[in-house]
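Single-structure report; data block below.
Number of protein chains: 4
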Amino acid sequence: MVIVLKQNPDEQKVEQLIRRLRGMGLKIHQSRGQHSTLLGLVGDTSSVDIDWLRAMEIVESIKRIQEPYKNANRKFHPQDTVVEVGGAKIGGGNFCVIAGPCSVESRDQLCTVAAAVKQAGASMLRGGAFKPRTSPYAFQGLRGEGIKLLLEAKKETGLPIVTEIMDLSQLYLFEQVDVIQVGARNMQNFEMLKELGRLHKPILLKRGLASTLQELLMSAEYILAGGNQQVILCERGIRTFETATRNTLDLSAIPALRAMTHLPILVDPSHATGHAEMVKPMAMAAAAAGADGLMIEVHNDPANALCDGQQSLTPAQFSDVMQATQAILPFACR
Amino acid sequence: MVIVLKQNPDEQKVEQLIRRLRGMGLKIHQSRGQHSTLLGLVGDTSSVDIDWLRAMEIVESIKRIQEPYKNANRKFHPQDTVVEVGGAKIGGGNFCVIAGPCSVESRDQLCTVAAAVKQAGASMLRGGAFKPRTSPYAFQGLRGEGIKLLLEAKKETGLPIVTEIMDLSQLYLFEQVDVIQVGARNMQNFEMLKELGRLHKPILLKRGLASTLQELLMSAEYILAGGNQQVILCERGIRTFETATRNTLDLSAIPALRAMTHLPILVDPSHATGHAEMVKPMAMAAAAAGADGLMIEVHNDPANALCDGQQSLTPAQFSDVMQATQAILPFACR
Amino acid sequence: MVIVLKQNPDEQKVEQLIRRLRGMGLKIHQSRGQHSTLLGLVGDTSSVDIDWLRAMEIVESIKRIQEPYKNANRKFHPQDTVVEVGGAKIGGGNFCVIAGPCSVESRDQLCTVAAAVKQAGASMLRGGAFKPRTSPYAFQGLRGEGIKLLLEAKKETGLPIVTEIMDLSQLYLFEQVDVIQVGARNMQNFEMLKELGRLHKPILLKRGLASTLQELLMSAEYILAGGNQQVILCERGIRTFETATRNTLDLSAIPALRAMTHLPILVDPSHATGHAEMVKPMAMAAAAAGADGLMIEVHNDPANALCDGQQSLTPAQFSDVMQATQAILPFACR
Amino acid sequence: MVIVLKQNPDEQKVEQLIRRLRGMGLKIHQSRGQHSTLLGLVGDTSSVDIDWLRAMEIVESIKRIQEPYKNANRKFHPQDTVVEVGGAKIGGGNFCVIAGPCSVESRDQLCTVAAAVKQAGASMLRGGAFKPRTSPYAFQGLRGEGIKLLLEAKKETGLPIVTEIMDLSQLYLFEQVDVIQVGARNMQNFEMLKELGRLHKPILLKRGLASTLQELLMSAEYILAGGNQQVILCERGIRTFETATRNTLDLSAIPALRAMTHLPILVDPSHATGHAEMVKPMAMAAAAAGADGLMIEVHNDPANALCDGQQSLTPAQFSDVMQATQAILPFACR
């Protein structure tokens with residue numbers, strides 16, 4: 015961490031600050047120039063509150079050198095984390111596809127889709143029981159009933175299930191759920207992250223619409239710091255000025271996160287683009303760039319889906335995407 | 015609502031769609047051109063699921079004409095909503111300033127600040143008991159204890175209090191809180207919004223970092239649709255590429271929201287800019303543009319604040335901002 | 015085009031408007047609802063000035079149905095455009111790699127790099143003679159001298175050359191240049207686009223940092239409307255809030271543009287990411303998603319490059335990227 | 015400037031780098047920690063090429079301390095720059111309103127508007143002769159003829175004129191123009207900026223749609239470095255995800271720029287919001303926040319304007335805005 019002091023700072027205050035920082039076990043190097051003075055802090059600065067420093071009268075700005083996340087940091091954990099779910103492995107060179115309907119609508123719908131995605135090669139089943147909808151007048155999900163149907167589909171197909179939690183009060187319903195998904199809108203629901211950090215269950219953490227990669231890792235850090243090491247990251251598009259797609263899929267997040275963290279990285283091309291016909295090229299691109307897997311929406315009858323039909327693939331389209339992606343995998347970036 | 019059909023659509027499917035829409039009580043007008051066919055839907059389209067239409071094979075795109083929010087819509091409620099809290103009124107031409115520390119740190123700190131902001135003319139006291147922090151290693155707030163201190167400060171000063179809820183499990187602690195704040199990160203925490211819609215208590219709803227004004231109103235709609243009509247909106251900056259400020263304060267949201275909705279509109283220049291020295295000009299600008307009030311962070315000792323000291327005003331600075339803003343008010347846009 | 019009228023519009027003005035639109039050869043369909051009236055315009059609306067309509071007192075909003083670009087529109091030109099440069103073909107299933115240094119620095123540097131990229135399989139040589147630099151104190155390019163060196167390198171290697179024009183006054187120097195590049199900052203330099211539309215030479219048009227895909231096509235339309243049909247589009251990252259990469263590479267632009275236009279689409283992973291180590295995964299992703307080619311920065315000594323060394327590959331790294339990308343191509347999305 | 019070295023860097027290369035930096039007259043301070051080594055550079059680092067450093071193998075990242083602009087920097091020129099145009103003064107506590115039509119359409123139109131804005135209190139006349147339009151099919155301006163009409167209107171009313179240059183080849187037509195405007199799309203047209211730096215004429219430099227404030231100042235620096243000290247900055251809205259307004263007006267740019275630079279700062283609420291009814295509140299807000307002036311579009315008949323009618327005020331509306339703004343001025347932030 016480097017502290018840039020204002021021009022002609024009060025010397026007494028500078029001395030006080032240096033003493034206080036030394037008291038925290040840090041070594042301080044001063045560099046005095048004509049227009050600015052720098053304090054270089056060497057040692058473990060993760061406990062130094064950057065807000066406290068920024069508010070000081072003598073401080074102009076703070077430049078962070080060390081990343082503010084530790085548990086998620088590849089520097090301190092060079093080995094890839096591999097999350098195991100049922101037979102499926104995510105991370106460390108394994109490729110995992112999670113597929114299923116946007117929302118669970120009925121036993122029939124779910125089991126039809128589950129069987130289809132299994133046959134096409136998916137390793138997990140997704141399906142929303144609790145649905146975050148922008149409008150209070152839109153379908154809000156089957157809720158507890160949806161979780162039951164997911165568990166039935168799991169029993170029938172053997173596929174582990176992934177489903178989203180929207181509020182901690184729903185947590186008791188997730189006991190038999192294999193992977194709990196934290197949606198983009200809850201990426202910074204810190205109370206939820208803390209609670210999920212106490213579980214022994216994989217958490218699929220989606221990037222927020224306006225979240226930087228560092229913020230995504232800080233949210234992962236909440237879960238990891240609580241003791242739960244099974245965190246799977248998921249890039250699903252960020253909000254930009256472009257309107258041709260629902261969001262802007264940031265595939266450079268794959269190599270960027272790969273360097274920053276040891277956690278596995280999935281890509282959700284369905285929510286990112288919002289258009290069924292763009293799912294295939296983006297799934298292939300994600301695989302080529304070295305993603306650890308995909309999350310894809312599949313519906314037996316997209317035109318009658320209760321939610322996000324426009325971005326859902328039919329089982330036949332999904333099977334085509336699986337084949338196209340599998341063909342890329344042997345040549346993917348590693 | 016206008017449905018744009020693809021070129022040469024399957025006539026039978028078009029007929030089916032039209033029949034189904036007529037079954038919903040809508041009138042349909044067709045316009046056939048060389049390259050596209052339009053269906054104009056007339057009537058109450060708020061119950062038509064736009065996702066369902068978008069997913070149809072024959073549909074190219076949907077153009078919404080009617081706003082998707084009803085309770086929040088000024089068209090249906092031309093009169094300004096006025097929210098009353100203790101003696102303070104928000105909306106309808108009243109100007110209300112909410113001030114206090116970013117986070118409640120101690121009895122002394124809170125009462126000192128509360129007395130100071132009251133004297134300077136604030137009508138409500140703010141203070142965070144539950145603090146959403148990007149880092150799990152940063153101060154997380156005094157929580158239940160913080161609420162108790164706020165209630166003491168309320169007793170001492172007579173100022174109504176505003177404080178943020180981070181999770182529904184904390185709701186029982188908010189019984190005597192005058193205004194419950196929903197933070198930017200929870201603007202689309204729909205389960206929370208639904209629950210708050212069942213209360214008879216004012217809700218201060220902050221705009222999300224990546225939320226459009228329409229989405230802000232859709233979130234307000236969740237609360238209003240539940241029966242709680244006391245919603246106060248708050249612009250607090252959006253996320254953009256600019257780094258000179260913490261966020262980009264969108265003051266054009268004031269006239270834009272004024273036209274879209276009857277709900278009162280506050281502005282938080284502290285979180286928007288992230289710099290104490292920018293709070294005054296932005297508070298004055300918000301007042302001039304016709305905001306219904308301000309939310310400002312004040313701390314007795316910003317350099318030692320446990321949170322956001324950089325953007326906090328001292329009591330003396332706040333008093334200066336109050337005077338500068340009061341001077342603008344008689345000439346403000348209405 | 016659909017015109018949404020305000021509530022209770024002045025009937026006489028509505029009649030006037032309808033007459034005027036009919037006078038333009040359009041058919042008008044009216045749909046009257048309780049809260050709004052729609053006018054559906056059928057016919058060729060590309061000549062209708064949307065600004066003129068928007069400014070009318072009786073008009074609430076305009077919804078475009080037809081795209082505002084014609085020459086660039088795939089609807090009217092279903093066949094892929096193939097641009098031929100020397101022996102190289104761009105578009106229509108051909109894959110073309112343009113490589114070379116960010117800026118031309120010397121004869122030695124350029125010829126070394128040119129020979130290396132040719133050997134690795136590049137089909138064209140790039141190199142900046144005129145350099146757009148944020149700072150007036152940074153290296154501004156060798157200018158006319160740089161063009162000469164490019165022509166020498168062309169002679170030596172046989173590779174066609176691509177270089178950027180920054181101002182029309184430089185145009186006379188580009189006579190023997192094979193492809194003229196319009197940089198991101200000039201995408202909406204309309205005077206330049208008009209002039210380039212009069213040439214018979216391929217134009218490589220880079221997407222602006224804050225430009226939508228539709229705006230990119232409108233800029234292409236300027237060139238096409240002038241008579242020059244040889245336009246190559248290039249996605250090179252857009253500006254977002256994320257700071258881990260220089261820009262955010264929008265690979266979904268590939269399928270999106272593919273559907274909108276018949277023009278070829280290149281991807282520049284060097285400028286998009288700003289980091290040499292991210293060029294390979296993003297080049298592979300672009301190939302997998304179906305891009306028509308790549309534009310990549312290569313330098314014989316990146317650590318001493320006068321410009322953008324951080325994102326430049328060494329010849330060895332470039333050769334590795336070429337092989338990795340070639341391996342993907344047979345399985346790429348089409 | 016602080017250079018952060020990678021873990022365990024090659025010692026020889028570090029020594030080389032240090033020697034080279036010392037050779038540039040800089041003092042170097044080293045701070046060695048367990049995980050990173052810092053080099054603090056003290057002295058005039060404006061000539062150090064940050065790209066050159068970033069590309070080095072041993073360098074992890076660079077943190078700038080000094081601003082990269084000098085001539086525009088308030089640190090080195092604490093006094094406000096005041097630009098004088100005819101009788102009007104811009105900057106240094108003077109408030110200046112530039113008003114007129116988006117585009118010059120005819121002698122009648124221009125003279126009517128010019129007389130009206132003069133009477134309402136405007137100090138300069140604006141009007142576009144060369145018009146940057148997204149579509150090649152939209153009205154492109156009267157060009158040279160438009161400049162002539164502006165000069166006639168100047169003669170008639172005595173108002174100095176401001177008009178936009180789109181390409182350097184038009185420069186000869188601007189000899190009698192009082193202020194040359196560089197539009198948002200040309201903010202980084204560096205060849206144009208260099209040329210305008212050689213003139214002795216005020217330049218109105220508009221902020222680009224995706225430009226940071228630092229980039230705006232770097233563009234100003236191009237003009238200043240050429241010797242032309244008469245630069246006026248203009249905030250006109252940036253591109254964000256919000257669609258309720260044409261752009262997002264960033265009024266916090268006023269205090270932010272005020273601290274960074276000595277140059278005067280105007281605000282253009284017409285282009286920023288894109289809606290005539292939002293011009294008044296935003297003009298008032300800009301005045302309250304301490305802007306040095308406004309640029310506002312006025313048209314005698316907005317419904318028939320050839321360009322941007324939707325955001326143009328009638329003369330009566332403009333007169334109302336002038337009065338409302340004048341009333342705010344005595345209480346504005348300074």
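Just so you know, the sequences run in chain order A, B, C and D.
Residues in the first sequence are numbered from 15 upward in steps of one, following the numbering used here.
Residues in the second sequence are numbered from 15 upward in steps of one, following the numbering used here.
Residues in the third sequence are numbered from 15 upward in steps of one, following the numbering used here.
Residues in the fourth sequence are numbered from 15 upward in steps of one, following the numbering used here.
All C-beta atoms in this analysis are idealised placements derived from N, C-alpha and C, irrespective of residue type, glycine included.
Interface with chain B (8 Å Cβ-Cβ cutoff): R36 (chain A) is excluded. The beta-carbon of Y186 (chain B) is placed no less than 8 Å from the nearest beta-carbon of chain A. G304 (chain B) has a beta carbon lying within less than 8 Å of a beta carbon in chain D.
Taking C-alpha positions only, P283 (chain B) is separated from M201 (chain B) by approximately 18 Å. Taking C-beta atoms as the reference points, L265 (chain D) and M309 (chain D) fail to come closer than 8 Å.
Counting only runs of 3 or more residues that sit fully inside the stretch 69-102 of chain B, the beta strand (DSSP E) segments are 73-77 and 97-99, in chain order. Taken in chain order, the members of the stretch 230-256 of chain C whose beta-carbon sits within less than 7 Å of a beta-carbon on chain A are I252, T254, F255 and E256.
G105 (chain B) and E98 (chain B) have their alpha carbons spaced roughly 9 Å apart. Proximity of chain B to C116 (chain D) at the Cβ level (cut-off 9 Å) is not reached, the minimal Cβ distance being about 19 Å.
For L227 (chain D), no Cβ of chain C is located within less than 8 Å of the residue's own Cβ. Relative to Q324 (chain C), the option among C:G39, C:V293 and C:I76 whose CA is nearest is C:V293. Chain order gives the chain C residues near E71 (chain D) as A317, where near means a beta carbon separation below 7 Å. A straight-line Cα-Cα distance of about 8 Å links V131 (chain C) and S333 (chain C). If you draw a straight line from the Cα of I72 (chain A) to the Cα of L230 (chain D), it is about 28 Å long. By the Cβ-count criterion, M296 (chain D) is buried, with 16 or more other Cβ atoms from all chains shown falling within 10 Å of its own Cβ.
For the stretch 222-301 of chain B, the full-length beta strand (DSSP E) segments reaching 3 residues or more read 245-249 and 279-281 along the chain.
About 10 Å separates the beta carbons of A270 (chain B) and T262 (chain D), which is beyond the 8 Å limit, so they are not a contact pair. One Cα belongs to I179 (chain C), the other to L165 (chain C), and the distance between them is close to 15 Å. Of the residues C:H91, C:A102 and C:L139, the one whose Cα lies closest to the Cα of V118 (chain C) is C:L139. In the structure shown, M336 (chain D) falls within a helical segment according to DSSP collapsed to helix, strand and coil. Closer than 8 Å to the CB of S266 (chain A) there is at least one CB belonging to chain C.
Residues of chain A whose Cβ lies closer than 8 Å to the Cβ of I342 (chain C) are, in chain order, A302, I342 and F345.
Using beta-carbon distances, S149 (chain C) counts as an interface residue toward chain D, with a partner under 8 Å. For G54 (chain A), the uninterrupted beta strand (DSSP E) segment begins and ends at T51 to V56. Rounded to whole angstroms, the separation of the alpha carbons of C110 (chain B) and A102 (chain B) is 7 Å. The shortest CA-to-CA distance from K215 (chain B) to any of B:A299, B:D181, B:I79 and B:P174 is the one to B:P174. Residue pairing for T177 (chain B): DSSP places it in a beta bridge opposite B:I194. Counting along the chain, the unbroken beta strand (DSSP E) around L218 (chain C) starts and ends at I217 to K220. If you ignore the 5 residues before and after K168 (chain B), its C-beta comes within less than 6 Å of the C-beta of I175, all in its own chain and listed in chain order. DSSP places N314 (chain D) in the coil class of the three-state scheme, outside both helix and strand. Under the 8 Å criterion on CB atoms, L280 (chain B) is classed as non-interfacial with respect to chain D. Contact annotation: the stretch 307-322 of chain B touches the stretch 53-69 of chain A, with at least three C-beta pairs closer than 8 Å.
Shown here, M206 (chain B) sits in a helix according to DSSP, grouped into three states. Using beta-carbon distances, A134 (chain C) does not count as an interface residue toward chain A, since no partner is under 8 Å. Spanning the alpha carbons of G251 (chain A) and R121 (chain B) requires a straight line of approximately 44 Å.
Taken atom to atom, the span from the alpha-carbon of A86 (chain B) to that of A129 (chain B) is near 35 Å.
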